[in-house]
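Residue numbers (this note's numbering), protein chains in the order written: chain A, 144 to 592; chain B, 144 to 592. Here is the structure we will look at.
2 protein chains.
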Amino acid sequence: MDRTAREYPARLAMTVFGAVIAIFTLLLLPPWATASGTGARFVDALFTAVSAVCVTGLVVVDTGTYWSEYGRAVILAGIKIGGLGVMTLASLLGMAVSRRIGLTQKLLTASEAKVRTSSLGEVGYLIRLIIVVSVTIEAAVAAILLPRFLALGESFGSALWHAVFYGISAFNNAGFVPTAEGLMPYTSDWLVVVPIGLGVFVGALGFPVMANLLQARRFGRRWYRHLSLHTKLTVTTSVALFGAGFLIIGAMEWANPRTFGDQDVATKLLSASFASIMPRSGGFSTVDTGAMNPESWLVMDALMFVGGGSASTAGGIKVTTLAVMLLAILAEARGDRDIDVFGRRIPRDTLRLSIAVVFIGATMVLASCIALLSITEFSLAEVLFEVISAFATVGLSTGITADLPDGGKYVLCALMYLGRVGTISVLGAIALRDRRRVVRFPEERPVIG
Amino acid sequence: MDRTAREYPARLAMTVFGAVIAIFTLLLLPPWATASGTGARFVDALFTAVSAVCVTGLVVVDTGTYWSEYGRAVILAGIKIGGLGVMTLASLLGMAVSRRIGLTQKLLTASEAKVRTSSLGEVGYLIRLIIVVSVTIEAAVAAILLPRFLALGESFGSALWHAVFYGISAFNNAGFVPTAEGLMPYTSDWLVVVPIGLGVFVGALGFPVMANLLQARRFGRRWYRHLSLHTKLTVTTSVALFGAGFLIIGAMEWANPRTFGDQDVATKLLSASFASIMPRSGGFSTVDTGAMNPESWLVMDALMFVGGGSASTAGGIKVTTLAVMLLAILAEARGDRDIDVFGRRIPRDTLRLSIAVVFIGATMVLASCIALLSITEFSLAEVLFEVISAFATVGLSTGITADLPDGGKYVLCALMYLGRVGTISVLGAIALRDRRRVVRFPEERPVIG
Ligand SMILES: [K+]
Ligand SMILES: [K+]
């Protein structure tokens, strides 16, 4: 698998995710998967399987009432396997990239980060570490939620199931909720909202960041000196996006009677924090997203498109991609030759990769919007939100997904799958890089702008 | 001025355009500028002046009925001066860039294109050439329209005025029409639609392309060998965007009873051609843009955002910017080190400039959409269309501009001004580039995607 990962990364990711989705679709098709016992339609089983395995959280049927307990257990398993798959494949390909680059670009092997990433060692160790880290954080979230759900009057079995479901759904940024009401009853309940919000935030940082933080901690007081550039960029950008979303969404929804308007000030602040974490890309909501202002939707569209950290269960173009583009623009404005940050120079080809990621993402979003506008009567605001939510595997919804015609559901399925697999493939694609032209053409400059 | 252009290009462009807009606002304020004699409100005079000088064509009042003949003459003068200003400033700054780059990057001076651009010679010659070329093409369009308008029964004075107005408005990609009906009565009139469409298309290629084509022609049979990379990229991308727009808009509006639906096949093809040229960025329309499908609006949004050629009267991020980004993605997919096209290598810093142009443009569009959604009740589809039309100085409208509150009109004024001036400033900004860091930081690669 390590060899395959290096040689056919896109094919590996597409095949693995395709096969897992097929299996989970089959698991959701039998009559006993639904609460009514009549069995799901193929398109709804497929959509739910894709949404679970790609840790998206968009639903065409209500998870809490439509599926049986067996069905919900299948969905939870899909989330766990999908989340592990994403982190493992992305981390494996990241290692493959490091090694391949090490072969062709001697300079790079001297850089600290490469050595540190490689020192994670063999594939088996990596997978064990991913499982240990993820289960630990999921269990921590569940351990805080369990006594709270018990205190709120749930039976032990029900409270445990809900706590575990939310723990796994949060850390994996899956956005699925086990009941029809979801998190709506807990809007002002800090003991429920905060652990889920933190679980999502940490999960969206990505495994390379978590591993680096764990390693750095071992160095004691000077731990921050052992943080990689990737960790610094990811954490800084994630915190900045959180702050921007908190201020803008908070201000826009402050007086909206259908969302934050009737809440007390502390709850408004909590709701704004939660709503600014979720686009990156947890997908939970404590207020009705469909009742937000269209300008808030647009802000969330932008946040969702950016998404979370690389090699995380979050989707989107990733926070480092945004950071590299912003740093490039800053360097351009200053007239600097290099793109420098945190005392490091970012390789030039990183920028080209960033552009490819953004451009291909934007094109997929645009094409899907055109398709959905053509086959439905929904507005651009609604369609754009749902399309970006699917592409970035966020799972927030203005409420139109369940009402889409089958054609529209298939469009979103394709987007979730491509948004998920594309992320991994891009990472792997640069591992295959070894062609080098010997003859270079003469340089000529077109006029830009 | 040549020295100022090199040293403070952004300041020069902003000051010149600001001053010209102020003058034309004053010219439109007197009572005799309006047909009713009551005088225009300040915001409407300002909006019209900005729209004319920035060759946009968005209107808050009907040009054909609201303004007096004096008012319409002022608008036409604004278009002509604005168009000349854009082409002259952009070309001057282009020269300044060539020279400055020549000083710091010896390699570049060896490239053919630079020598050719510099050989245009002094500022006076450049301005004379721009005036000769623009008046010639404007006169050619007017000369075809005049007999047609006469044949349709207009008086000579009226026909001449309309022919000259359309000639100037078309070549300068201004999109203003001299009558209330605009081009609606001529939907199937090839002798009106084709010359205006061609005038817009040629105008949107930009002066550097026109000058290069004129020079290359002198070399006889082998003329195509003397085309610069900029010319090849601009023409190829413009033709490709025309073809894509023709096919997609044509297919989407083919059966729409409110647009192409009731037309015969030949007229449908003509309408689709015209509608696919206008977003780049002529702004005329032979059918009601507001009656098109929302998916067609989205396609036109994308085309408008791209806009026309550099140093042309067209706006947007420019076709070469799109081309460079597409070529970079192609190179990235192939694993090529260089971005090659037409046997030439595109300098790496060109890509960074492209990203800055696209990112800043997208941010301006996003922020303006959020502002307009906040202060009006219009839909995202309408607001996005109008915002991109203003940013890219296109002038197409879904019909909401006249109904905007004053705050919304000021937002669009700012967008038209920044869209216009920004284009020129960006071009000039790289002329200022001379800082070079001596110490380079060690390289480190973040994970992307
Ligand atoms: K999600
Ligand atoms: K225009």
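Even for Gly, the Cβ is constructed at its ideal location relative to N, Cα and C.
- Around PHE502 (chain A), the beta-carbon contacts reaching into chain B at under 7 Å are MET468, ILE472.
- In the pairwise beta carbon analysis, the stretch 318-333 of chain B is classified as not touching the stretch 367-379 of chain B: fewer than three pairs are separated by under 8 Å.
- For ASP492 (chain A), the enclosing alpha helix (DSSP H) starts and ends at 491-518.
- Residue contact check for ILE498 (chain A) against chain B: a CB pair falls below 8 Å.
- At a C-beta separation below 7 Å, ILE513 (chain B) has these neighbours in chain A: GLU438, LEU441, VAL442.
- Secondary structure at VAL484 (chain A): strand, using DSSP grouped into helix, strand and coil.
- For GLU475 (chain B), the chain A residues whose C-beta falls within less than 7 Å of its own C-beta are ARG495, LEU496, ALA499, listed in chain order.
- Checking the DSSP bridge columns, you'll see TRP210 (chain B) partnered with B:THR177.
- Under a 10 Å Cβ-count criterion, TRP333 (chain B) is classified as exposed, with fewer than 16 other Cβ atoms of the shown protein chains found around its own Cβ.
- Annotation: Cβ neighbours of SER522 (chain B) in chain A (cutoff 9 Å, chain order): PRO437, SER522, LEU523, ALA524.
- Using a cutoff of 7 Å, the CB of VAL537 (chain B) counts as near ligand 2, since one of the ligand's heavy atoms is closer than that.
- The beta carbon of ARG491 (chain A) falls within 8 Å of a beta carbon belonging to chain B, placing the residue at that interface.
- In the three-state reduction of the DSSP assignment, GLY565 (chain A) falls in the helix class, which pools H, G and I.
- Chain B places no beta carbon closer than 8 Å to that of ALA394 (chain A), leaving this residue out of the contacts.
- The Cβ of SER540 (chain A) sits no closer than 8 Å to any Cβ of chain B.
- By the beta-carbon neighbour count (other beta carbons within 10 angstroms, threshold 16), ARG271 (chain A) is exposed.
- A Cβ of chain B is located within less than 8 Å of the beta carbon of ALA445 (chain A).
- Within 7 Å of the C-beta of SER424 (chain A) there is at least one heavy atom belonging to ligand 1.
- For SER517 (chain B), the neighbours in chain A by C-beta distance under 8 Å run, in chain order, MET395, ASN436, GLU438.
- Linking THR519 (chain A) to VAL530 (chain A) through their CA atoms gives a straight-line distance of about 13 Å.
- The three-state reading of DSSP puts PHE403 (chain A) in coil, since its state is none of H, G, I, E or B.
- Any Cβ of chain A closer than 8 Å to the Cβ of LEU509 (chain B) would place that residue at the interface, and such an atom is present.
- Around LEU558 (chain B), no beta-carbon contact reaches into chain A at under 8 Å, the shortest distance being about 16 Å.
- Separation of the CB atoms of SER277 (chain B) and GLY349 (chain B) is rounded to 12 Å, and the pair is thereby denied contact status at 8 Å.
- Against chain B, the beta carbon of LEU527 (chain A) has neighbours under 8 Å at LEU523, listed in chain order.
- In the three-state DSSP reduction, GLY551 (chain A) falls in the helix class (H, G or I).
- Within 10 angstroms of the beta-carbon of TYR560 (chain A) lie 16 or more other beta-carbons, which makes it buried.
- Of all alpha-carbon atoms in B:SER517, B:ALA505, B:ILE543, the one lying nearest the alpha-carbon of GLY562 (chain B) is that of B:ALA505.
- Using a cutoff of 7 Å, the CB of GLY318 (chain B) counts as near ligand 2, since one of the ligand's heavy atoms is closer than that.
- When DSSP states are grouped into helix, strand and coil, GLY386 (chain B) belongs to the helix group.
- In the same chain as PHE521 (chain A), and ignoring 5 residues on each side of it, the C-beta atoms closer than 6 Å to its own belong to ILE543, in chain order.
- The nearest non-hydrogen atom of ligand 2 is less than 7 Å from the C-beta of THR199 (chain B).
- Given a length threshold of 3 residues, each whole run of the beta strand (DSSP E) inside the stretch 432-491 of chain A is given here in chain order: 482-484, 487-489.
- Taking a cut-off of 8 Å for Cβ pairs, the stretch 349-361 of chain A and the stretch 395-411 of chain A do not touch, as fewer than three such pairs fall below it.
- The residue among A:PHE534, A:ASP405, A:MET468 with its C-alpha nearest the C-alpha of PHE448 (chain A) is A:PHE534.
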